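Notes follow once the structure below has been shown.
Protein chains: 4
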Amino acid sequence: MIVVMEPGASDEQIQATVRRVEELGLKANVIVGTQRTVVAAIGEKREHFKESLESGDGVSAVVPIVAPYKMASREVKPEPTQVKVLDFVAGAGSVGYVAGPCSVENEEQILSTARAVKAAGATGLRGGAFKPRTSPYSFQGLKEDGLKMLAAARDETNLAVFTEVMSTEDVDLVAKYADVLQIGARNMQNYRLLEAVGASGKPVLLKRGASSTMDEFLLAAEYILNEGNDQVMLCERGIRTFEGHTRFTLPLASVTYLHRKTHLPVIIDPSHGTGHTYMVPDMAVAACAAGADGIIVEVHPDPSKAMSDGYQSLTFDGFAKTMTRCKAVVDALRAIDQEDLV
Amino acid sequence: MIVVMEPGASDEQIQATVRRVEELGLKANVIVGTQRTVVAAIGEKREHFKESLESGDGVSAVVPIVAPYKMASREVKPEPTQVKVLDFVAGAGSVGYVAGPCSVENEEQILSTARAVKAAGATGLRGGAFKPRTSPYSFQGLKEDGLKMLAAARDETNLAVFTEVMSTEDVDLVAKYADVLQIGARNMQNYRLLEAVGASGKPVLLKRGASSTMDEFLLAAEYILNEGNDQVMLCERGIRTFEGHTRFTLPLASVTYLHRKTHLPVIIDPSHGTGHTYMVPDMAVAACAAGADGIIVEVHPDPSKAMSDGYQSLTFDGFAKTMTRCKAVVDALRAIDQEDLV
Amino acid sequence: MIVVMEPGASDEQIQATVRRVEELGLKANVIVGTQRTVVAAIGEKREHFKESLESGDGVSAVVPIVAPYKMASREVKPEPTQVKVLDFVAGAGSVGYVAGPCSVENEEQILSTARAVKAAGATGLRGGAFKPRTSPYSFQGLKEDGLKMLAAARDETNLAVFTEVMSTEDVDLVAKYADVLQIGARNMQNYRLLEAVGASGKPVLLKRGASSTMDEFLLAAEYILNEGNDQVMLCERGIRTFEGHTRFTLPLASVTYLHRKTHLPVIIDPSHGTGHTYMVPDMAVAACAAGADGIIVEVHPDPSKAMSDGYQSLTFDGFAKTMTRCKAVVDALRAIDQEDLV
Amino acid sequence: MIVVMEPGASDEQIQATVRRVEELGLKANVIVGTQRTVVAAIGEKREHFKESLESGDGVSAVVPIVAPYKMASREVKPEPTQVKVLDFVAGAGSVGYVAGPCSVENEEQILSTARAVKAAGATGLRGGAFKPRTSPYSFQGLKEDGLKMLAAARDETNLAVFTEVMSTEDVDLVAKYADVLQIGARNMQNYRLLEAVGASGKPVLLKRGASSTMDEFLLAAEYILNEGNDQVMLCERGIRTFEGHTRFTLPLASVTYLHRKTHLPVIIDPSHGTGHTYMVPDMAVAACAAGADGIIVEVHPDPSKAMSDGYQSLTFDGFAKTMTRCKAVVDALRAIDQEDLV
């Protein structure tokens, strides 16, 4: 950490800062600049020292040098993590394709979707049984009945089932049926829930909160990893910005950034990331081109009849065409990479 | 709802939209414009009709006309709600002043703070016993021991105790000691938790999520109200924007907006809303000038030793000076309002 | 336009609104809802009627139905516009590749760069001679000397020269040497400058302002088109959001959105859009996958010695590798599209 | 500046960084941490060194320690600047009140407004003669005729005339009639224009760009100061965020921040900062409570007939009531401050 003193900080203030740093078990190194003095604190342990130093008298700012997360970091584990469940494989060169409806509505809907997306090349099946809804008056999901329908579809197709869990009380129930537990964007910082899915031992798809920074995102993953669960995937699903022509703004540079900082697989959700069906194919293909380890896409037999998110769902045909394009891009880039290796 | 068709939408698409509207139990009114046709859907019931219509063929946009929340709305209850617990009163002309440390650290700390803020004019005492921390490696709070210390401070001072509850499992425990249950910004859309605090019957301070819209904020309140709990206060604590010189951007216009849309009291948190001690007094005073029904401020006996949030905490003296300014402003504006009534 | 009245608006207020609509030369259509009344104003002319109606008594909101721009709209011109200058072609199925340094520094630098990017497949050469710099103390560009060096490089390579013009006074001078006039993000709403480049008759690359909405962006293009200049390209270069790990957030969905709304070519700038060299290749490839009509990339012979933007510039080798990937993706997707046509 | 090396940076990379720092005329101080090495560069001169170091091999980040602006800084001039023109005084304890219509529409409108706002206590008159309009099809202002009407109103009332200048060509003309030249938010980084108003010698009101950081804002002021013009006022008029219930988000903490960093007066614009008439009074009063050196407010004889911005304009009566509240708050706080001095 670098503690930057105010211009004109007194010797006394600088000495107090040095003592403070030493009390925290760190080594202090004072550097007198032409306009300001800074105190470098060496030996940092990624704990709450930053806050503690920040409130000191005459201190202008504290600049952390080391990332606040450990187990999620590439510095700790340089080789990429791969998550593999049934047909689904993501990370370390493999791309996972997850598709399915926003909500499980009935057996016919989920089964027909599972078959269609499998035929198009999907390896995972998404579908919500417990639905977090902005309004208490909206459809809240089929709960356990929905989970059973998902499990039945999985049993037939070998697609890995991805479904959201919203509350610690439901973790055991959802884990009984699902292959991958999904943490929604609204719950990214619901720490008790993160601990509970960490303890479940199931692979987790952690969605980025709509206004979370990358450090917050990786620290949320750290809560799960910290429970001994190393099967965590990070899902970029768009952030809240001033833009109004999309539901969220989808920053695909997150793929590149996260690949540099963490070994965990990165999945892109172009459905929530745009909020408009017509934008989903382009963003799915772009995600693959950017090097994403997977995509998760909303698909519905008849989007105009969907109980939720119809406006951002693909039809079976739309999904199949999107998959053709995604795979073409992945193959084209893989061919180049292999050439480079020769 | 107004369903806006694409330019050049076919008669067939328009008729399909009309049928769709009627299937939803609404009355359809077609208006043919010079460039576009719109279908007005009359009789709306604030449900998920918007989503359903949006995915229709040839539909460009659906514009809701009625707010999605009911019980939080001034249309349903025009007179302001007042929340009153022990010394604390907020709403309908009364301003509540809540102060205290970020975290409860020990008995001496919380008791001395309670006495100091009471002497300065506070009517509520804040303090965290269960702490939601971005990093799993940060201090997580004293839990029940902290709650007991808060209760002891309340018993001595008659200040209403405000403290956060992070998980449904903890609601009963926290409700046993606290006077007001606080829902943190990270949990604003943790719907199971909202239902649980709603069912607890205790007054609730609901903090705005850092990127939530006003509709989302009021719908979160609606989850609590919907459980039969009408003692809900809304807390603006700053939003996430591109600004980096403050921790969050504090939009005081939220006070004016919420007063127009809802009968619930509006409390401002200038500590989280700025993230810097030196900004807190100005923003506390400005909040009072804007007509807030209360403020909630971090105060610590020695901010430079605080276990959390020291960089945004006031000293006892800083809080006392801030209170003098706040009360002067409230009094000056109240005098004008009373003159206007004569 | 749909004028939404407040709940409980009086008959008198509704009648006043109707009169207002009629005074504006529009036809009024009153729709009485169960909770609110709306007045549809038919025959709108994309003028400032929205503002005028919004301030009316009892009016809650005015919802425009028609886009505020005309000449930029696909409704007016459905077929895509193609811009073609020397080697450079963008739009209507062609992808233009523009590369070069942030600033022109000397003849050797610009000539070697032009040769290298041409060899890698570029069709345009970028380089700043007039530099808009955040600080008055930063390097401001070589001005006319820089323009001459660009022209010399163009004469040798047949690459189209793209360079920024910052002020109406400089338009004639820059137009004398450049093939495409670039309007920087900071000047997107410098209306006198837009008019001046419109009048110049040269093709224009208009960069999106860092916080401009799509309507504002297209209306800025409209200022240029309105001068009779139909050679306008729109450049997405990233928006300002809360994200700090990139310089700007690059929303590739802008490509898809703009392709739906306008006939103008859409160019992506992954250099400013990320602000980090290591992110540029992925985002360039993703832009091509998303269907962009071109990319504009910063390339420098030795980025660590660049006078500006070195931290986001590619080396010659980095650019060549990026081009290989971009072209592979464009070819792979084109092959699918042609299959679809058969 | 602190140059942070990548974890595992080689000795060679560290030595190269040291050489680079020394080549820039700075002194290098290497600090070896447990996980990373940093190189402190001492003697910085606020130039483009940051960019230059950032692109070095093995460099992770460069953290500037000194603010990039000089003449705007309180470090250079600790005492507050006061701007005084005719009736108007702002800064160093004085609050300036500027009011008037968005656009000058005719003589009667501007004269009656000038008289009304003067009677209510205003000291400055605002009014646009050159209007920057998002759409080329909107009303563009009365130009020189408007300036003459403003001058006539000033001659009668002694109010200082504030009006916008949009282009370098117009600076002389506008300066002939106006007392304060206003730079609009869209032109905050139109550097040629900043230089031109700096050279004019007239006081300048510089509006913050809707997505500009504080450093960018102060560097824009620096362009004006750098021309030898020290009569610069900074105007916070709201920033672009995800919020949709206000036109912009008005961050009043800007007042407190800017007072700490710069000696220049800070003016708040609650009209653009909210975009809704009903929010303007609360935000005007809150701005005064936050310690602003002035406010600038849109006032119109009949907002529902205004040619622009009617939806955010106050009536004469609304302005008078707002002024009563503002002055009560300023007086109440001034009384406390004077008590503190005794």
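Chains as they are written, first to last, in the numbering used here: chain C, 1 to 342; chain L, 343 to 684; chain P, 685 to 1026; chain S, 1027 to 1368.
Beta carbons are placed, not taken as given, at the ideal position from N, Cα and C, and that holds for glycine.
It should be emphasised that the depicted structure is a prediction, and the values quoted were computed from it without experimental measurement.
Counting only C-beta atoms, is residue i closer than 7 Å to chain L at any point?
i	result
P:ASN713	yes
C:GLY56	yes
C:ALA41	no
Where do the N-terminal and C-terminal ends of the alpha helix (DSSP H) with residue i fall, by residue?
i	result
P:GLU797	Looking at the sequence itself, residue 797 of chain P is Thr, so the reference to Glu does not match. Residues 791-804.
S:PHE1243	1240-1251
C:ARG260	253-261
Please confirm whether residue i and residue j have their CB atoms less than 7 Å apart.
i	j	result
C:ALA122	C:ALA99	yes
L:LEU656	L:VAL622	yes
L:GLN524	L:LEU547	yes
C:GLY43	C:THR17	no
L:ARG667	S:ILE1321	no
S:TYR1203	S:LEU1173	yes
P:PRO820	S:ASN1252	yes
C:LEU258	C:TYR69	no
P:VAL1013	C:VAL329	yes
S:GLY1264	S:GLY1299	yes
S:ILE1057	C:VAL4	no
S:ALA1318	S:ILE1294	yes
Excluding five sequence neighbours on each side, which residues of the same chain lie with their C-beta closer than 6 Å to the C-beta of residue i?
i	result
S:HIS1271	none
L:ASP429	THR465, ASN500 and LEU501
L:SER596	GLU578
L:VAL405	ILE344
Could you spell out the range, first to last residue, of the beta strand (DSSP E) harbouring residue i?
i	result
C:GLY96	96-100
S:ALA1116	1114-1116
C:LYS207	204-207
P:LYS827	Where P:LYS827 is concerned, there is no enclosing beta strand (DSSP E), given that its DSSP letter is neither H nor E.
Against chain S, does residue i count as a neighbour if the rule is that its beta carbon must be under 7 Å from one of theirs?
i	result
L:MET665	no
L:VAL346	no
C:ARG36	yes
L:MET556	yes
C:GLY209	no
Does chain C have any CB closer than 7 Å to the CB of residue i?
i	result
P:ILE979	no
P:VAL1013	yes
P:ILE1020	yes
Of all Cβ atoms in chain P, is any one closer than 7 Å to the Cβ of residue i?
i	result
S:LEU1245	yes
S:PRO1094	yes
C:MET307	no
L:ILE407	yes
S:ARG1218	yes
Compute every distance between the C-beta of residue i and the non-hydrogen atoms of the ligand SAH, then say whether any falls below 6 Å.
i	result
S:ASN1055	Inclusion of the ligand SAH in the displayed structure is not the case, the ligand content being empty and no account of it being possible.
Answer with yes or no whether the minimum CB distance from residue i to chain A is below 7 Å.
i	result
L:GLU578	The structure shown contains no chain A; its protein chains are C, L, P and S.
Keeping to the same chain, check which residues put their C-beta closer than 8 Å to that of residue i; ignore five residues upstream and five downstream.
i	result
L:GLN377	PRO349
C:GLN140	PHE130, LYS131 and ARG133
Looking only at its own chain, which residues have a Cβ that is under 7 Å from the Cβ of residue i, when we skip the five neighbours before and after it?
i	result
L:VAL427	ALA502, ASP521, VAL522 and PRO545
P:ALA970	LEU936
_Residues of the region 581-610 of chain L in Cβ contact with chain P at a cutoff of 8 Å, in chain order, please._
Residues ARG582, THR583, PHE584 and GLY586.
*Please name the residues in the region 1297-1317 of chain S whose beta-carbon is closer than 8 Å to at least one beta-carbon of chain L, in chain order.*
Contact residues of the region 1297-1317 of chain S toward chain L are GLY1299, THR1300, TYR1304, MET1305, ASP1308, MET1309, VAL1311, ALA1312, ALA1313, CYS1314, ALA1315, ALA1316 and GLY1317 (C-beta to C-beta distance below 8 Å).
*Name, going along the chain, the residues of the region 839-863 of chain P whose beta-carbon falls closer than 7 Å to a beta-carbon of chain S.*
For chain S, the residues of the region 839-863 of chain P that bring a beta carbon within less than 7 Å of one of its beta carbons are MET850, SER851, THR852 and GLU853, in chain order.
*When Cβ atoms are compared, which residues of the region 349-365 of chain L fall closer than 7 Å to chain P?*
Listed in sequence order: PRO349.
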